[in-house]
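Protein chains in written order, with this note's numbering: chain A, 6 to 319; chain B, 6 to 319; chain C, 6 to 319.
Even glycine gets a Cβ: it sits at the ideal position worked out from N, Cα and C.
None of these values were measured; they are calculated from a predicted model.
Worksheet: the structure to be examined is printed underneath.
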Amino acid sequence: MKHIVSSGEFERPWLDRLFRLAQGMQARRGKPGEVLIGKLMVTLFYEASTRTRMSFEAAMRYLGGMVSSTENAGQFSSAIKGETLEDSIRVVSGDCDVIVIRHPMTGAAARASLVSRVPIINAGDGVGEHPTQALLDVYTLLAERRLLDRLSEPNVLDGLTVTMFGDLKNGRTVHSLARLLRSYGRVHLNFVSPHALRLPGGLLHELSDNGVGVFETDHLSDVLAATNVLYVTRVQKERFDDPKEYEIVKSSYRIDLDALRGAKDDLVIMHPLPRVDEIAPTVDALSNAAYFRQADNGLPVRMALLQMIFQNRS
Amino acid sequence: MKHIVSSGEFERPWLDRLFRLAQGMQARRGKPGEVLIGKLMVTLFYEASTRTRMSFEAAMRYLGGMVSSTENAGQFSSAIKGETLEDSIRVVSGDCDVIVIRHPMTGAAARASLVSRVPIINAGDGVGEHPTQALLDVYTLLAERRLLDRLSEPNVLDGLTVTMFGDLKNGRTVHSLARLLRSYGRVHLNFVSPHALRLPGGLLHELSDNGVGVFETDHLSDVLAATNVLYVTRVQKERFDDPKEYEIVKSSYRIDLDALRGAKDDLVIMHPLPRVDEIAPTVDALSNAAYFRQADNGLPVRMALLQMIFQNRS
Amino acid sequence: MKHIVSSGEFERPWLDRLFRLAQGMQARRGKPGEVLIGKLMVTLFYEASTRTRMSFEAAMRYLGGMVSSTENAGQFSSAIKGETLEDSIRVVSGDCDVIVIRHPMTGAAARASLVSRVPIINAGDGVGEHPTQALLDVYTLLAERRLLDRLSEPNVLDGLTVTMFGDLKNGRTVHSLARLLRSYGRVHLNFVSPHALRLPGGLLHELSDNGVGVFETDHLSDVLAATNVLYVTRVQKERFDDPKEYEIVKSSYRIDLDALRGAKDDLVIMHPLPRVDEIAPTVDALSNAAYFRQADNGLPVRMALLQMIFQNRS
Numbered sequence: 006m007k008h009i010v011s012s013g014e015f016e017r018p019w020l021d022r023l024f025r026l027a028q029g030m031q032a033r034r035g036k037p038g039e040v041l042i043g044k045l046m047v048t049l050f051y052e053a054s055t056r057t058r059m060s061f062e063a064a065m066r067y068l069g070g071m072v073s074s075t076e077n078a079g080q081f082s083s084a085i086k087g088e089t090l091e092d093s094i095r096v097v098s099g100d101c102d103v104i105v106i107r108h109p110m111t112g113a114a115a116r117a118s119l120v121s122r123v124p125i126i127n128a129g130d131g132v133g134e135h136p137t138q139a140l141l142d143v144y145t146l147l148a149e150r151r152l153l154d155r156l157s158e159p160n161v162l163d164g165l166t167v168t169m170f171g172d173l174k175n176g177r178t179v180h181s182l183a184r185l186l187r188s189y190g191r192v193h194l195n196f197v198s199p200h201a202l203r204l205p206g207g208l209l210h211e212l213s214d215n216g217v218g219v220f221e222t223d224h225l226s227d228v229l230a231a232t233n234v235l236y237v238t239r240v241q242k243e244r245f246d247d248p249k250e251y252e253i254v255k256s257s258y259r260i261d262l263d264a265l266r267g268a269k270d271d272l273v274i275m276h277p278l279p280r281v282d283e284i285a286p287t288v289d290a291l292s293n294a295a296y297f298r299q300a301d302n303g304l305p306v307r308m309a310l311l312q313m314i315f316q317n318r319s
Numbered sequence: 006m007k008h009i010v011s012s013g014e015f016e017r018p019w020l021d022r023l024f025r026l027a028q029g030m031q032a033r034r035g036k037p038g039e040v041l042i043g044k045l046m047v048t049l050f051y052e053a054s055t056r057t058r059m060s061f062e063a064a065m066r067y068l069g070g071m072v073s074s075t076e077n078a079g080q081f082s083s084a085i086k087g088e089t090l091e092d093s094i095r096v097v098s099g100d101c102d103v104i105v106i107r108h109p110m111t112g113a114a115a116r117a118s119l120v121s122r123v124p125i126i127n128a129g130d131g132v133g134e135h136p137t138q139a140l141l142d143v144y145t146l147l148a149e150r151r152l153l154d155r156l157s158e159p160n161v162l163d164g165l166t167v168t169m170f171g172d173l174k175n176g177r178t179v180h181s182l183a184r185l186l187r188s189y190g191r192v193h194l195n196f197v198s199p200h201a202l203r204l205p206g207g208l209l210h211e212l213s214d215n216g217v218g219v220f221e222t223d224h225l226s227d228v229l230a231a232t233n234v235l236y237v238t239r240v241q242k243e244r245f246d247d248p249k250e251y252e253i254v255k256s257s258y259r260i261d262l263d264a265l266r267g268a269k270d271d272l273v274i275m276h277p278l279p280r281v282d283e284i285a286p287t288v289d290a291l292s293n294a295a296y297f298r299q300a301d302n303g304l305p306v307r308m309a310l311l312q313m314i315f316q317n318r319s
Numbered sequence: 006m007k008h009i010v011s012s013g014e015f016e017r018p019w020l021d022r023l024f025r026l027a028q029g030m031q032a033r034r035g036k037p038g039e040v041l042i043g044k045l046m047v048t049l050f051y052e053a054s055t056r057t058r059m060s061f062e063a064a065m066r067y068l069g070g071m072v073s074s075t076e077n078a079g080q081f082s083s084a085i086k087g088e089t090l091e092d093s094i095r096v097v098s099g100d101c102d103v104i105v106i107r108h109p110m111t112g113a114a115a116r117a118s119l120v121s122r123v124p125i126i127n128a129g130d131g132v133g134e135h136p137t138q139a140l141l142d143v144y145t146l147l148a149e150r151r152l153l154d155r156l157s158e159p160n161v162l163d164g165l166t167v168t169m170f171g172d173l174k175n176g177r178t179v180h181s182l183a184r185l186l187r188s189y190g191r192v193h194l195n196f197v198s199p200h201a202l203r204l205p206g207g208l209l210h211e212l213s214d215n216g217v218g219v220f221e222t223d224h225l226s227d228v229l230a231a232t233n234v235l236y237v238t239r240v241q242k243e244r245f246d247d248p249k250e251y252e253i254v255k256s257s258y259r260i261d262l263d264a265l266r267g268a269k270d271d272l273v274i275m276h277p278l279p280r281v282d283e284i285a286p287t288v289d290a291l292s293n294a295a296y297f298r299q300a301d302n303g304l305p306v307r308m309a310l311l312q313m314i315f316q317n318r319s
């Protein structure tokens, strides 16, 4: 049985199959006679993440499957009464065919996968993993660079320069993506962040030890001209002890038309969304702005993932 | 693409088509092979309105469609993080085929319709509009007067006297209904309310300038004998600064068997529900009491609306 | 029309039909062409009980039906505005084919059944009834004793000793089960509880007057050796005025491997779940531990119940 708990488990052949499948999925939305008829997904969300939940639910339903959802599993009577996560999963996994779990506690999805009788999909566990976000990020990067037809080439991203921008310390999204890109060739990664929000040193060394070119700076202008893909993340106020420091950072870690002067014509701008002030609305109109397409890619990638999970089981 | 944002957009030919379609809908509940198979509705409710949500969901499902719902979109992680309504709609509209939105802010549905890639249905936006309530009100009035077979007659309501009763100041329901009735001929409208809760003067003049006979009074007894349709609304405590004034109003703006003495035998009593004390339970048993049939009409009217929206698209 | 409001209404022939139907249900999960296609269930939960809700929803969906759910019907706009339960049910029952109601107030389901136009299923009403829990408990007991093939024998449980353990005062589960067992022959019931949480005297006499052998004690060891089925319930802290008393009770009303020494090899251990400390995790590995299978039986029993409800109607 295939659980989807950590993006560290994804290997290139599996990713290639997934992304090939995903390409045909938009066309299959809502076609009758689908593969997941009679299968039931339970979305067990111990913290709210309406958009992620809806993306999973849409993926299941567009393939003909069914969904039973809870927005507030944390207020689950049984959890409140003191039931362990393991007992909850043991019971719920008897009433469905796949569980999508979101939990504030790192490692929750892994614990769930040890006792579940049906596949567990991790939809985010605290500061831990959010593997389907990582999948849709890689898929989007390949799609925007028009490389989805060349998945048979082992080093299809050789020579690509990706710049990660914003809060690189807390962003599990950024960490997963940085690691996954290694499977696609020799890439160069720039990390642009306020000093307090730098990429964890351990990850930086891990990447560089594995042949990834890395470079850190405070200033986007240092690396923009050479950048093929700019991955923007939100700098959150609550990460700063000093509100004044946040205000300074906020105004300088912001992408607008000015900040993009000197960028390549075919620069790809990504963002996991929601965005607040870190990308100006004027950027939305650029063909470079890939972030809404990126959000859209969640659906076909999750549809493909569900199909693969159930194919493996039958 | 057809959005349903304001009852001001409804024109007679469109209404006639909708109501003809609605008449056959109760019979089609739950018949397989329906027209919306494979279509997904998202109900995005930024404030609770369980009954309206359930009516839309039932309409979608009885036509073979699917629903992904959120009861607390206001606690949406992305909204809380500061995402704009526009960004939320951009993203969600990539994962579904129609969005039903309820929002505390007037104009929210119109804003949503500007960026959505799928039809937006307004299920109430603050003190603004609630167009499907207006539709089911007109449908009920026509049904109760046995006029649904005569939709080809332009002035089918000529000579009808409708009395609006209760809080006429804040009731968006009353405002929409008063405006819509004009499309059906020369009607006479009585407005019975406490002084503080009168119909807005602008609307009164608009109606009278458009050939509607209007009359205002504090006393139902002034107009009851001539009334064909009595539309009751709830007087809410929170509208009064002085609780004592509310208590006085509450006891006089109440329909019971006594208050109905002198009414026509075929008087139609409507109410958008929920009702609290403004209609005594003893009235429920009268054949005149149409308010539960009115609530029931929400389903076929919304089924018809959904079918028309998707017919327009294909 | 068949409402499911109280376990007191269940008679042996009806129970036999239900349990025969339930046996085939696990195999029918997710098979297409099911009997409830086009039927819509509304789950109206005025208090959270996610697991019960999900079990009902899974049952409906695996039979091809549809579900519209509310987790917070208590925060229902209409209930908050002061609408009666009766009005809510009148309206909602126009938009669906069956209502599953959970309510904190004893008698709520019975009240709902008086005005509903569709079958009402009681999913727990305060300290009142939770009839489908009673059904799955009896089903589990029969299944674990391998007696489901012998439902044609009137006294199939003759000579069985069942020991109820824990909080016997407040447990509606225990009360319903004790009463229902009488339909299956002459059973002997032991009641093991702290003094403050004894079975209500009235029920004890009712059982003994109806030919049930009964015995009360504070100590499991008094009755364990003769016990065929041990039904454990949770002792809740909030039932005690004195926290110290709770701590004493808690440690002695706990089942672990030690406490089970001297039990029959084929002892069946049941628990309605969630469990907290009253059964040690080490017990889970025993083949005697039936409580997760018991939870699993909720699905086929509720599937069978739904099928019988709709068969009766067509």
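Three-state secondary structure assigned by DSSP to residue i
{"i": "L45/B", "result": "strand"}
{"i": "S319/C", "result": "Any reading at S319/C needs caution, since the residue's pLDDT is 48, under 50, leaving its predicted position unreliable; the model's value is listed next. DSSP places S319/C in coil when its eight states are reduced to three."}
{"i": "N77/A", "result": "coil"}
{"i": "L165/A", "result": "coil"}
{"i": "L26/C", "result": "helix"}
{"i": "P159/A", "result": "coil"}
{"i": "R33/A", "result": "helix"}
{"i": "F297/B", "result": "helix"}
Beta-carbon spacing of residue i, residue j below 7 angstroms
{"i": "G70/B", "j": "M46/B", "result": "yes"}
{"i": "A139/B", "j": "V10/B", "result": "no"}
{"i": "T222/B", "j": "D172/B", "result": "no"}
{"i": "Q28/B", "j": "L152/B", "result": "no"}
{"i": "G267/B", "j": "L212/B", "result": "no"}
{"i": "H193/C", "j": "S118/C", "result": "no"}
{"i": "V219/A", "j": "L209/A", "result": "yes"}
{"i": "A309/B", "j": "L41/B", "result": "no"}
{"i": "L265/B", "j": "A300/B", "result": "no"}
{"i": "L141/B", "j": "G13/B", "result": "no"}
{"i": "D21/B", "j": "L156/B", "result": "yes"}
Residue i, enclosing alpha helix (DSSP H) - first and last residue
{"i": "T57/C", "result": "T55 to Y67"}
{"i": "V192/B", "result": "Taken as a continuous stretch (DSSP letters only), V192/B belongs to no alpha helix (DSSP H), as it is neither H nor E."}
{"i": "L1/B", "result": "Summary: the structure shown does not reach residue 1/B, with chain B confined to residues 6 through 319, and so no result is reported for it."}
{"i": "E91/B", "result": "L90 to V97"}
{"i": "R184/B", "result": "R177 to L186"}
Residue i: first and last residue of the uninterrupted beta strand (DSSP E) it sits in
{"i": "H8/C", "result": "Note, H8/C: premise wrong, no beta strand (DSSP E); not H, not E."}
{"i": "V40/C", "result": "Careful: V40/C lies outside any beta strand (DSSP E) and carries neither H nor E."}
(message) List, from N- to C-terminal side, the alpha helix (DSSP H) runs of 4 residues or more that fit wholly inside the region 109-154 of chain A.
(response) 113-120 and 136-149
(message) I'd like to know if the region 101-112 of chain B and the region 39-58 of chain B are in contact, where contact means that at least 3 CB-CB pairs between them fall below 8 angstroms.
(response) yes
(request) Assess, as a yes-or-no matter, whether the region 89-99 of chain B is touched by the region 80-100 of chain C under the definition of 3 or more beta carbon pairs within less than 8 angstroms. (result) no
(request) Could I get the ranges of all uninterrupted alpha helix (DSSP H) runs contained in the region 215-294 of chain A, with 4 residues as the minimum, in chain order? (result) 248-257
(request) Evaluate the contact criterion for the region 199-209 of chain B versus the region 268-275 of chain B: three or more CB pairs, one atom per stretch, below 8 angstroms. (result) no
(request) Determine, using beta-carbon pairs with one atom in the region 246-264 of chain B and one in the region 182-192 of chain B, whether at least three such pairs fall under 8 angstroms. (result) no
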